[in-house]
Every structure is written in structure tokens, then in C-alpha cells.
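These protein sequence lines map, in sequence, to chains A and B. Take the first sequence: its position 215, counted from the start at 1, is 215 in UniProt numbering, and no numbers get skipped. Take the second sequence: its position 172, counted from the start at 1, is 172 in UniProt numbering, and no numbers get skipped. Heads up, the beta-carbon is just placed ideally off N, CA and C, and yes, glycines get one too. In what follows, a single structure is set out as C-alpha cells and then discussed.
There are 2 protein chains.
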Amino acid sequence: MTLSNLDLVNQIDALPNAATHPEAFAKSIAGCARFVCGSHTVGYLLPIVRDALIVPALSGDWWDIQPGVITLKGDTVEERTANMAKTTQQWRQAKRFKILDGWRNEQYTIYAPRGTPLFYMERSATPLFGVIAYGAHMTVYVPKTETTPMRLWVPRRAGGKSTYPNMLDNTVAGGMGDGQTPFECIVKEAGEEASLSADYVRANARPCGTISYFYVRHADAGGEAGLLQPEVQYLYDMVVGDPDLGEGPVPAPCDSEVAEHMLLTVDEVKRELALGHFKPNCAAVVIDFFIRHGILDAENEPELQEIYTRLHRRLEFPTR
Amino acid sequence: MTLSNLDLVNQIDALPNAATHPEAFAKSIAGCARFVCGSHTVGYLLPIVRDALIVPALSGDWWDIQPGVITLKGDTVEERTANMAKTTQQWRQAKRFKILDGWRNEQYTIYAPRGTPLFYMERSATPLFGVIAYGAHMTVYVPKTETTPMRLWVPRRAGGKSTYPNMLDNTVAGGMGDGQTPFECIVKEAGEEASLSADYVRANARPCGTISYFYVRHADAGGEAGLLQPEVQYLYDMVVGDPDLGEGPVPAPCDSEVAEHMLLTVDEVKRELALGHFKPNCAAVVIDFFIRHGILDAENEPELQEIYTRLHRRLEFPTR
């Protein structure tokens, strides 16, 4: 069975949209509570998470529980961050949620409108609260010439990774933790994942927009299935030389996260997409790249308009 | 007063989004009827239009009127097209709506899901029915070099045009009437508006996605203010040579629609955007171009995420 580009988008933008599919949306979040902080709704809480919050030890000082609305207490960023940390640490020690086995010791930022931080929280716990997570992805490619087609540098994830082992990835990608900007994140990950020098990346990586979508986690993402994970990914493109002509730089594994880097033609990448070999959100980044670069267009992709708008979903929570 | 990029987006994406602003959306369409055809909602009908449809001569054979829902009758594309044509012709003769003074004799297509035509209708009447209109826009630019910044070819609309006289435009743009594909539309308009040869455009224009938004017409758009006009614009970029080096091609006025073509640097274009000199949906195309080309990014545009998702709105009606 091969997957269409829309099938791939459906995998990552999985929560129905309230504007276009109001009934399906209402059904999907029925039973969820709104996660409120400082008068802003910042996420949805599934029943399994709501139930874990409605215990006296937690709800007393750290949470205010009302029907359909659960509020993180605290008047300052520091207080809210501390209350969230006590909650997730308690769950971690009690082994309450499997997803917390992947504890990262990395702090993600949750925002009020206009990019004001509301609080910080452990990265691995964000899907329990349905809050927006941010990352940065870069596609490194060798442009087409008169004799060679465009080729993309595609890494294969290490077999030992806890999430999506052996799947294909974007050349460089990472989550934006600990207050990183997207560009700093890309520069750092480019060194760690692909051995690309910071100087080269700073001079050549080009920002080219974002993708955003509302992911509902699959089992192969690790942890409980069905957790809600809206995401914004900041995108970068970077041109490199043709290694067949002795040009470079050539991405190479640096840490144990990546097994190998392959230079694939556009047709080879299309084949791997259709076979479902890409990590789902990396497939979405590649599809957006193909649309921006004129490889997918209205003449060859009948679902272009749905695909492109789904990849740029306006999320209902405040964004960075 | 200067306009921010988000101000410019607010001008063209003006109907509140039901997913992110449900109350403002409900207020905006309060009093509107849904325009239904073949079991699909394809537009919103403002009270002034609904009232014009609720007259015996029209509602008898051509329209089915129910509270909140008005259906175009007809079992086939031909019947529905004929019923719509009789309606709009009658209004035109009776001088019922000012917007029909701009009658074009050009047929726009209204779609069911998956791009199946439901019916065809006169272009100038589409904003009366709140249905999606399609166009194609191309940005022609001279890439930056080590010594010169990127420059865009920007036409100034003729002073005699009925809509947006003297405003700045995208290099080539047009509505997709009479069953045109976006690429055919661009090739034709490039010749008519900018004297660019079809051969050159076919070889060099590169598709690069779409923008979509829900426009609410201003008075300077011509016709009644407040009419609803959701739009999808197919985008193309095209690189040309530097005219200062004797390269080309050089866009030049061909018909009476364009006063002149100017080659503006990115900074000059930014200034013209901020001064509100661009036609609103052309400003949106330029902003999308700036984001895709790394001129606007997360580091220099704090509203990047809202701007980019607003420019790729998933519309609630079936699209081409």
C-alpha cells in the first residue's frame, strides 16, 4: 500500500478543525477539559490526564479544578513553573504515565499571546497537557543542474532510538528547549546531528516559513497513544555543493542518533514518502519543501490546497 | 501612519476564524444564510442578498428558500449554471447591485469537494454569493548578488482602472476564469500585463504554493462594501536577469491596465507595503514571498506565525 501526500498530512494533522469540521471536532474533544493559565486556554486535557489532576495532593495548591476547565495556579512565571514541575515530578516518580519514561530534563516554554512566556515545563510532559511544542527543521539539498536532478540529504534515524527507530528524517531537526531561538536550535543540531560547522550554517541556512498542525500521538511516537500535541516547526533550507564533484559540505553522523546520511533524488524521496518511511512530521516538512520549490503544484497534486492549508494550521492557543 | 505586516494581513483576511475566534465569527455571519448547492455549503449570503433572492420570480423555479439555508436548484451543472445566470442577469438589468456594473462576461467555477464543478457563474457576481474565487499571481525578481540586493518587478496600476487605481500590484496577476488552469492564467496575463513572452514564462515560472484568506470587500474594491469574498491565489516566482547589465526580460506595459513597471529593492518594497500603497491581496502575496525567501523570519517579525497561518487559511467551502 502506498500513501498519498494527503494521507501523510492526515497522519500529523489529525485533530479535526473546528472551522471546517465542527461536529467531528466537538466529538474529538468531548470529555476533554480546557487547560487554562492566566486567562488563556493553552491546551486540552484528555480524561486520563484530568483524572490524574483531580487528586487532593495536586488540586489543592497547584491546580484549580472546575467542570470542563482546569487552571494552573500561580501569579508569576516562577510560581506556575514550580507548580507544573511538582505535578510532573510526582507523576514521574509514581510512574503514572509511560510517556514520562522519556524524561528529557529540557524545559519547553508555554506562551501567552504576543510571545510572552506563561511558564516552563519538562519537554516530555507537554503531550499530556496538549500544549504547543516548537521545533526547527532544515532541509539541506543539492540544487538541480542541467544534467542532475535536485537531491536532498536524508538521514536515517538510528535503530536504537526510542522514537521512530530506522525512519527517515529531515537533514537537521530538533525541539526548541531551554529558551532557544529557532536559528540557534538549527545551528546546534546541525553540528550534533550532521557534523555541519556552525560557521557554514550561519552563513547559508535560509529561513523559509513554518509548518503547524495538530498531531494526535501514535503508539510509535512513544508513550500513551492518543495524546494531543499541536506543533509549530520553523523551517530552514540550505544549499550545499555536489559531493560527486568533490564539493561540500557533506553531512555525517556525529552522535548516536543518526545511522547514515543519504543523498536522494526528488524521485527517490517521493518513493520513500509513499512507502511511509519518513517520520510523520518530517514527511510534512518535505511536502512543504516540495510545494515551495515547485515540485508539487496544482497540476500534479489534486489535493494541493487542502495539503498546504492543513500544513499551516492556525492553532487555537497562543503561539510564540 | 505606517502599517505592520499583520495590519496588511488583517485587511485581506477579515472574516474571523471559527476555530480560533468562535464568538466573533458567529457575530460576523449572524443574519447570513448558508448558500447550499448539491448538499455542499459553498458560500454565505448576506441579508441584502438573501432579501433579493426572496422574491417570487426568483425563488419559484431557481432557488429553494429555507430559514438560514438557501439552495440553488438544478440537477445538473447546466441547470444550476442556467438558474444562476438568470438570477444575476435579472439583477443586472434591474440595477439591483452596484457590483454588477463591473460585469465581466467571464465565467468562474464553483466546486464540490475534490474539484468537481458544481456550476459556473459571472465573475463580478461571485462576491454577492460569498463563494471562493481563484486567481494566479507571479512575482518576477532579480536575485541578489554580492553587490546588489534582491529586486522585485512591481507594476503600478493605471489611474483609470475602476478598482484600486494607481496602486502597486504583483508583477503578473489575474483571476482564473473560463476554466483556466493557474499556469495558463499566468502565461496569458504575463503577456497581456507585462509583455513577457509565453515561451520564457513557460520555461521559467516556478509554482510555489498558494495563499488563501477570507476577504470582506472594502469600498475601494468597487461595488457594495462588506461583501464576502474568500479567495485562493496560486503563486509563481520567476527569476529574470539584471537590466542594469543589459539582461532581461524587462516587463513592460502592454494593455492599458498598467501604468509602469518599476524595479524596486526589497527595502523599497517594504516601504511601499508599510505605506499601504499595494493592492491588499498583492501585499499578501509579497509578504508570503518575503517569508518563503527568508526576508521575514521569526527573528525580525514577531507576528510571523499568525501572519503565515492567516495567509494559508483553510476555507470552510470545498476548494478546487
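Our two residues, Leu-72 (chain A) and Cys-37 (chain A), have alpha carbons roughly 5 angstroms apart in a direct line. Around Tyr-234 (chain A), the same chain offers Ala-136, Pro-182, Thr-210 as residues with beta carbons nearer than 6 angstroms, after the five sequence neighbours per side are excluded. Short of 6 angstroms from the beta carbon of Asp-169 (chain A), and not among the five residues preceding or following it, lie these beta carbons of its own chain, in chain order: Pro-155, Arg-157, Lys-279, Cys-282.
Ile-65 (chain A) sits in a strand when the DSSP states are folded into three classes. Thr-116 (chain B) and Pro-302 (chain A) have their C-alpha atoms roughly 11 angstroms apart.
At least 7 angstroms separates the CB of Pro-318 (chain A) from every CB of chain B. Assignment of Arg-151 (chain B) by DSSP, reduced to helix, strand and coil, places it in the strand class. Taking a cut-off of 8 angstroms for Cβ pairs, the stretch 282-299 of chain B and the stretch 19-38 of chain B do not touch, as fewer than three such pairs fall below it. The beta carbon of Lys-270 (chain A) sits closer than 6 angstroms to none of the beta carbons in its chain outside the five residues before and after it. Setting aside the 5 residues that flank it on each side, Ala-52 (chain B) is surrounded in the same chain by Trp-91, Arg-96, each with a C-beta closer than 7 angstroms to its C-beta; the list follows chain order. With contacts defined by Cβ atoms closer than 7 angstroms, Tyr-215 (chain B) and Glu-189 (chain B) do not form a contacting pair. Using a Cβ-Cβ cut-off of 7 angstroms, Tyr-234 (chain A) counts as an interface residue toward chain B, since at least one Cβ of chain B sits closer than that to its own. Residue state for Pro-47 (chain B) is assigned as helix, using DSSP reduced to three classes. Annotation: Cβ neighbours of Asn-17 (chain B) in chain A (cutoff 7 angstroms, chain order): Ala-19, Arg-314. In this structure, DSSP gives Cys-185 (chain A) a helical state, which the three-state scheme calls helix. Counted as a single uninterrupted DSSP element, the alpha helix (DSSP H) harbouring Ile-29 (chain A) occupies residues 22-29. Given a length threshold of 3 residues, each whole run of the beta strand (DSSP E) inside the UniProt domain "Nudix hydrolase" (135-288) of chain A is given here in chain order: 151-157, 172-175, 206-216, 228-239, 258-265. The alpha-carbon separation between Thr-41 (chain A) and Glu-316 (chain A) amounts to approximately 8 angstroms.
With a threshold of 16 other beta carbon atoms within 10 Å, Arg-313 (chain A) meets it and is buried. Taking a cut-off of 8 angstroms for Cβ pairs, the stretch 72-86 of chain A and the stretch 120-136 of chain A touch, as three or more such pairs fall below it. Per the coordinates, the alpha-carbon of Gln-107 (chain A) lies some 13 angstroms from the alpha-carbon of Gly-174 (chain A). Put simply, the CB of Ala-136 (chain A) is far from chain B, with every gap to its CB atoms at 7 angstroms or more.
Judged by beta-carbon spacing, Leu-227 (chain A) lies within the 7 angstroms limit of Pro-127 (chain A), meaning their Cβ atoms are closer than that value.
The three-state reading of DSSP puts Glu-122 (chain A) in strand, counting E and B together.
Here Thr-319 (chain B) carries a coil assignment [DSSP, helix/strand/coil].
The straight-line gap separating the alpha-carbon atoms of Lys-98 (chain B) and Val-250 (chain B) is approximately 38 angstroms.
Using a Cβ-Cβ cut-off of 7 angstroms, Asp-297 (chain A) counts as an interface residue toward chain B, since at least one Cβ of chain B sits closer than that to its own. When 7 angstroms is used as the limit between beta carbons, Tyr-308 (chain A) is near these residues of chain B: Gly-209, Thr-210, His-312, in chain order.
Spatial neighbours of Gly-160 (chain B) in its own chain (CB-CB distance under 8 angstroms, excluding positions within 5 residues in sequence) are listed in chain order as Ser-256.
Taken through DSSP and simplified to helix, strand or coil, Thr-71 (chain A) comes out as strand.
Under the Cβ criterion of 7 angstroms, Arg-206 (chain B) is counted among the residues facing chain A. Chain-ordered, the chain A residues with CB closer than 9 angstroms to the CB of Ile-291 (chain B) read Pro-207, Cys-208, Gly-209, Thr-210. If you check the CB distance, Val-187 (chain B) and Met-138 (chain B) do not come in under 7 angstroms.
With respect to the 7 angstroms criterion, Val-266 (chain B) and Met-167 (chain B) are not classified as neighbours on the basis of their beta carbons. Counting along the chain, Thr-109 (chain A) sits inside the beta strand (DSSP E) bounded by residues 107-112. In terms of CA proximity to Pro-243 (chain A), A:Trp-153 leads the group A:Trp-153, A:Ile-65, A:Glu-146.
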